[in-house]
Amino acid sequence: AQSVAQPEDQVNVAEGNPLTVKCTYSVSGNPYLFWYVQYPNRGLQFLLKYITGDNLVKGSYGFEAEFNKSQTSFHLKKPSALVSDSALYFCAVRDMDSNYQLIWGAGTKLIIKP
Amino acid sequence: DTGVSQDPRHKITKRGQNVTFRCDPISEHNRLYWYRQTLGQGPEFLTYFQNEAQLEKSRLLSDRFSAERPKGSFSTLEIQRTEQGDSAMYLCASSPSEAGNTGELFFGEGSRLTVL
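In order, the protein sequences belong to chains A and B. Counted the way this note's numbering counts, the first sequence spans residues 1 to 114. Counted the way this note's numbering counts, the second sequence spans residues 1001 to 1116.
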C-alpha cells in the first residue's frame, strides 16, 4: 500500500538555526512528492514539489527539500529558521493508482522559538 | 481576494440534521477537490470534479455524502443525517488541469463541521 510517514509530531528549533522536517514514503514506481504548509486559521499552501530531475528542490519562503530515492525520503529543510515559519507542515505523495489523489502524512508541527 | 472560498466557515448542527457546504474555486480552475481533515491527521480525499463531471469518489464517501458541481464553477458538498463522526474540517481545493496532474492544489480555508 502507498503511504507517507512524518515520524515527528513536533519539531522545535531556535530562530536562526537550520531546520529539518522529515518525511518518508512508500510508493510503487517513481514518486511525485509535495510539501504543504498550514498556518493557523489559514488554508493549506503549496510549498514545493519533486517530480523528476534534481534531487534538491527549492520552494517558497526559502524552503527546500531533498529527494533521496535509496532512503525513500523527502525531508524539508531551511538554512535559517524564522519565528514566522511556525506552522503545520504536511508531506504528500501522489497516489499512483489514481490520477488525482494525494496521500498525506499526518503533519508535523514546527515551532520556532525566538 | 481571488482565492478559493468556502462557506460557511463553521457549522454546528445536531445529529441527524443535513448540512451543505459551498466552495467557489479560483475562476479559471477546472478541477475541484473535496478533502476531509480531522485533528492530528492529514487531509483525506473525498471526491474530485473536472468541470461538472465527478470523476472520482473515495470509498470514505458514504451514501450520506453527495457533491455536485452543476455548472462547472462552484461546488456543494451535502451531508445527510449527520453523525458525530462527521465532525471534521471539510477542505475544498482547485487547480488548473496542468497543475492538477502533478498535484499542486490551491486550498480554501475550510469549513469546520461540529455535530452535537
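For every residue, glycine included, the Cβ atom is placed at its ideal position computed from N, Cα and C.
Measuring CA to CA, which of A/83, A/95, A/5 and A/91 is closest to residue 15 of chain A?
A/83
Here's the rule: buried if 16 or more other CB atoms are within 10 angstroms of the residue's CB, otherwise exposed. What is residue 1053 of chain B?
Exposed, by the Cβ-count rule.
Using only CA atoms, which one of A/34, A/92 and A/66 lies nearest to residue 19 of chain A?
A/66
CB-CB under 7 angstroms to residue 1056 of chain B, same chain, minus the five flanking residues each way: which ones, in chain order?
Cβ within range, chain order: 1047 and 1048.
With 9 angstroms as the C-beta to C-beta threshold (strictly closer), list the residues of the segment 30-55 of chain A near chain B in chain order.
32, 33, 34, 36, 38, 41, 42, 43, 44, 45, 46, 49 and 51
Based on the DSSP secondary-structure assignment, which residues constitute the bridge partners of residue 112 of chain A?
DSSP, once it has assigned bridges, lists A/13 as partnering residue 112 of chain A.
Between the segment 1029-1062 of chain B and chain A, which residues of the former have CB atoms less than 9 angstroms from a CB of the latter, in chain order?
1031, 1033, 1035, 1037, 1040, 1041, 1042, 1043, 1044, 1045, 1048, 1050, 1055, 1056 and 1058
Residues of the segment 61-92 of chain A with a CB closer than 9 angstroms to any CB of chain B: list them in chain order, please.
90, 91 and 92
Report back the beta-carbon spacing between residue 1116 of chain B and residue 1075 of chain B to the nearest angstrom; my notes put them in contact at under 8 angstroms.
About 26 angstroms separates the two Cβ atoms, so there is no contact after all.
Starting from residue 1112 of chain B, follow the beta strand (DSSP E) in both directions and report where the run begins and ends.
1111-1115
Identify every residue that forms a DSSP beta bridge with residue 45 of chain A.
Under DSSP, residue 45 of chain A shares a beta bridge with A/37.
According to the neighbour-count rule (16 or more other Cβ atoms, all chains shown, within 10 Å of its Cβ), is residue 1043 of chain B buried or exposed?
With a threshold of 16 other beta carbon atoms within 10 Å, residue 1043 of chain B meets it and is buried.
Judging by CA-CA distance, which residue of A/93, A/107 and A/108 is the nearest neighbour of residue 101 of chain A?
A/93
Spatially closest choice to residue 23 of chain A from A/8, A/13, A/85 and A/37, by CA coordinates:
A/8
Count the other C-beta atoms from every protein chain shown that fall within 10 angstroms of the C-beta of residue 107 of chain A, then say buried if there are 16 or more, exposed otherwise.
So residue 107 of chain A counts as buried.
Kindly indicate which residue of A/91, A/69 and A/30 has the alpha-carbon position closest to the one of residue 76 of chain A.
A/91
7 angstroms CB neighbourhood of residue 1012 of chain B in its chain, flanking five on each side removed
Hits under 7 angstroms: 1114 and 1116.
At what residue ranges does the segment 1043-1069 of chain B contain a whole run of the alpha helix (DSSP H), taking only runs of 4 or more?
none
Reference residue 5 of chain A; option with closest CA among B/1022, B/1041 and B/1018
B/1041
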